[in-house]
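Below: one structure, written as structure tokens.
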Amino acid sequence: MPKDDVILLEGKVIEPLPNAMFRVELETGNKVLAHISGKMRMHYIRILPGDTVVVELSPYDLTRGRIVYRGSLKDYKGG
């Protein structure tokens, strides 16, 4: 799947779930189920409840996403 059609949103981690999954509340108020991207896993970047994260959503399923950055969307450089 090409990465040009993804939706990037900022959210706050509400609760950690098993298998590196997290419940994230987006800035729009929606709650999604998100997992950590492979590079964040590889570099042992820890995500804790209350952290601000950037979530990548597919336009096909807006209830699941991938956490691609720990921090605010304005600091995210992409890729």
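End of the sequence shown sits at 79 in full-length UniProt numbering; the numbers just go up one at a time, nothing left out.
The beta carbon of each residue, even a glycine, is placed where N, CA and C say it ideally should be.
Being a predicted model, the structure only gives us computed values, none of them experimental.
_Given this structure, state the Cα-to-Cα distance separating Gly49 from Ile67, to the nearest angstrom._
Walking along the sequence shown from the start, residue 49 turns up at place 49. Walking along the sequence shown from the start, residue 67 turns up at place 67. Sequence check: residue 49 is Pro here, not Gly. Distance between the alpha carbons of Pro49 and Ile67 is about 13 Å.
*Whole-Å CB distance - Val53 paired with Arg70, under 8 Å assumed*: As a first step, residue 53 must be located in the sequence shown, where it is residue number 53. As a first step, residue 70 must be located in the sequence shown, where it is residue number 70. Val53 to Arg70, Cβ: 5 Å. Contact.
*Is Ile36 buried or exposed, if buried means 16 or more other CB atoms sit within 10 Å of its CB?*
Translated into the one-based positions of the sequence shown, residue 36 becomes position 36. Flag for Ile36 reads buried.
*asked:* According to DSSP, simplified to helix, strand and coil, what is Gly65?
replied: Against the sequence shown, residue 65 aligns to sequence position 65. Here Gly65 sits in strand by DSSP.
_Continuous alpha helix (DSSP H) assignments of at least 4 residues falling wholly in the UniProt domain "S1-like" (1 to 72)_ = 38 to 42
*How close, in whole Å, do the beta carbons of Asp51 and Val13 come, if the pair is a contact with beta carbons under 8 Å?*
Counted from its first residue, the sequence shown places residue 51 at position 51. Counted from its first residue, the sequence shown places residue 13 at position 13. Sure, about 5 Å apart at Cβ, within 8 Å.
*Under three-state DSSP, which class holds Lys74?*
Your numbering for residue 74 matches position 74 in the sequence shown. Of the three classes helix, strand and coil, the one that applies to Lys74 here is helix, per DSSP.
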